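*Asks:* Per UniProt numbering, the sequence shown starts with residue 1, numbered consecutively. C-beta: ideal position from N, C-alpha, C; glycine also. Source: prediction; values computed, not measured. My questions will all concern the structure given below.
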Amino acid sequence: MGGICSCRKNEEQLLRAESYLGNPNLEIQAEDIKMATNNFSAENRIGAGAFGEVYQADLHSFGVVAVKRIKQKFLHTGLVVDGHFCMVMEFMINGSLRSRLQAKDENLNYLVRLRICRGIANGINYLHSAFRTYLVHRDIKSDNVLLSEDYTPKICDFGLVKIFSSKRNNNVNSAAMTENICGTQAYLPPEAFDGIISRRLDVYSYGTVLLEIISGKSPLFSNKEGIPYLANWPKDYTKELMKLANWCLRHKYEDRPYMKEVSRETIQAVQIASEVWQLIKYCVINDLLLSSN
């Protein structure tokens, strides 16, 4: 469930929200938001970013959601907003990918990790190709990948998105220039520091996240953080994923793949791994049955 609402001082006024699930007339009362977050209490606070803080809320009509309250300094003086601007989003119970990797989550076996890799690739590919204008996220990182109860990944934090026109979209090597360096430096490609923006920027960032998923180590800190998971991965998968990561991390952005190619590779990897996983489960069960007789 997703939506946007503007909390004004007049708490009796209905807040009109634009739902990303096909309900453009969604209405949420300001008082409901305040009550659901315990007036934005510290106990309900589950995270924070550059643009605001995120709170867990129980809206009885929609269940548990996440409410992001945008910092007032990011609201333009031309906007008629006297209080706070909030985004109401789906609540992702497993938090960020980075937090799960740091916690050494035992549920993150190699098949689950492969599916996460596939899901992220599919999400970025959607941004890059689903519209007549395409979007460059510019801040793909493990902190901006949230995991649902079944570890389905979803990309968040679109505050730095760059929109390209359909005309530019037809140019396979299209790129834009900017004077502002945005994003998280450890995940940015070399050309980003020269102000060059293209879809291959997200591809590079994805390659960094891919290495993070494989190794369990964050690029933001020293090698002492995290724990290497390579030994727990089948060698064939590790080799293929490392090749894919290296392709995404090519120094020249023209040499990197597009996300549709990356997505195709991850889909194939998950299909093969799923078949192997089922075979392993069958063999284990069969061995247990034989040993019990």
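Spell out the partners DSSP gives GLN56 in its beta bridges.
*Replies:* To locate residue 56, count along the sequence shown from 1; it is residue 56. Bridge partners of GLN56: ALA66.
*Asks:* Measuring only the C-alpha atoms, how far is CYS182 from PRO190?
*Replies:* Counting from one through the sequence shown, the residue named residue 182 turns up at place 182. Counting from one through the sequence shown, the residue named residue 190 turns up at place 190. In a straight line, the C-alpha of CYS182 is about 13 Å away from that of PRO190.
*Asks:* Tell me the residue span of the alpha helix (DSSP H) that contains ARG100.
*Replies:* Counting from 1 along the sequence shown, the entry for residue 100 is found at position 100. From DSSP, the alpha helix (DSSP H) with ARG100 extends over 97-102.
*Asks:* Looking only at its chain, what residues have a beta carbon closer than 6 Å to the beta carbon of LEU220, apart from the 5 residues adjacent to it on each side?
*Replies:* For the purposes of this step, residue 220 is taken as the residue at position 220 of the sequence shown. Within the same chain, LEU220 has close Cβ partners ALA186.
*Asks:* Go ahead and label ALA192 buried or exposed: buried means 16 or more other beta carbons lie within 10 angstroms of its beta carbon, across all protein chains shown.
*Replies:* In the sequence shown, counting from the first residue as 1, residue 192 sits at position 192. Per the 10 Å Cβ criterion, buried.
*Asks:* Since I believe ASN122 is in contact with SER263 (beta carbons under 8 Å), could you give me their beta-carbon distance rounded to a whole number of angstroms?
*Replies:* By one-based count along the sequence shown, residue 263 stands at place 263. By one-based count along the sequence shown, residue 122 stands at place 122. Right, their Cβ atoms sit about 5 Å apart.
*Asks:* Classify VAL161: buried if its beta carbon has 16 or more other beta carbons within 10 angstroms, exposed otherwise.
*Replies:* As a first step, residue 161 must be located in the sequence shown, where it is residue number 161. Its Cβ having fewer than 16 others within 10 Å, VAL161 is exposed.
*Asks:* Please work out which residues of its chain come closer than 6 Å, Cβ to Cβ, to LEU241, disregarding the five sequence neighbours upstream and downstream, and give them in chain order.
*Replies:* Residue numbering aside, residue 241 sits at position 241 when the sequence shown is read from its first letter. For LEU241, where only same-chain residues beyond five positions count, the Cβ hits under 6 Å are ILE214.
*Asks:* Identify which residue in PHE62, VAL67, ASP150, HIS60 has its Cα closest to the Cα of ASN39.
*Replies:* Translated into positions along the sequence shown, residue 39 becomes position 39. Cα-wise, what sits closest to ASN39 is VAL67.
*Asks:* Buried or exposed: which applies to residue 297, given that a residue is buried once 16 or more other Cβ atoms fall within 10 Å of its Cβ?
*Replies:* Given that the chain is displayed from residue 1 to residue 293, the structure contains no residue 297 and the question cannot be resolved.
*Asks:* May I have the straight-line CA-CA distance separating GLN278 from ASN107, to the nearest angstrom?
*Replies:* On the sequence shown, residue 278 is found 278 positions in, with the first residue counted as 1. On the sequence shown, residue 107 is found 107 positions in, with the first residue counted as 1. Roughly 17 Å separates the two Cα atoms.
*Asks:* In the DSSP output, which residue or residues are listed as bridge partners for GLY47?
*Replies:* One-based indexing of the sequence shown puts residue 47 at position 47. GLY47 pairs with VAL54.
*Asks:* Have a look at ARG256 and TYR134 and give me their C-alpha separation to the nearest angstrom.
*Replies:* Counted from its first residue, the sequence shown places residue 256 at position 256. Counted from its first residue, the sequence shown places residue 134 at position 134. Their backbone Cα atoms lie some 18 Å apart in a straight line.
*Asks:* DSSP on VAL161, reduced to helix/strand/coil?
*Replies:* Taking the sequence shown and counting its residues from 1, the one referred to as residue 161 is at position 161. Reduced to three states, the DSSP call for VAL161 is coil.
*Asks:* Taking the alpha carbon of THR37 as the point to measure from, which residue in GLN56, ILE28, ASN94 has its own alpha carbon closest?
*Replies:* Residue numbering aside, residue 37 sits at position 37 when the sequence shown is read from its first letter. THR37 has its Cα closest to that of GLN56, out of GLN56, ILE28, ASN94.
*Asks:* Measuring only the C-alpha atoms, how far is LYS71 from PHE85?
*Replies:* Position 71 of the sequence shown, counted from the first residue, corresponds to residue 71. Position 85 of the sequence shown, counted from the first residue, corresponds to residue 85. So the two alpha carbons sit approximately 8 Å from each other.
*Asks:* Is any heavy atom of the ligand GDP found at a distance shorter than 7 Å from the C-beta of LYS104?
*Replies:* Inclusion of the ligand GDP in the displayed structure is not the case, the ligand content being empty and no account of it being possible.
*Asks:* If you follow the beta strand (DSSP E) that TYR134 is part of, which residue opens it and which one closes it?
*Replies:* What you label residue 134 is simply residue 134 of the sequence shown in a count that begins at 1. Taken as a continuous stretch (DSSP letters only), the beta strand (DSSP E) holding TYR134 covers 134-136.
*Asks:* Pick helix, strand or coil for GLU90, following the three-state DSSP scheme.
*Replies:* Here residue 90 refers to the residue found at position 90 when the sequence shown is read from its first residue. GLU90 falls in the strand class under three-state DSSP.
*Asks:* Over the uninterrupted alpha helix (DSSP H) stretch that includes ILE116, give me the two end residues.
*Replies:* Locating residue 116 in the sequence shown gives position 116, counting from the first residue. 110-129 is the extent of the alpha helix (DSSP H) around ILE116.
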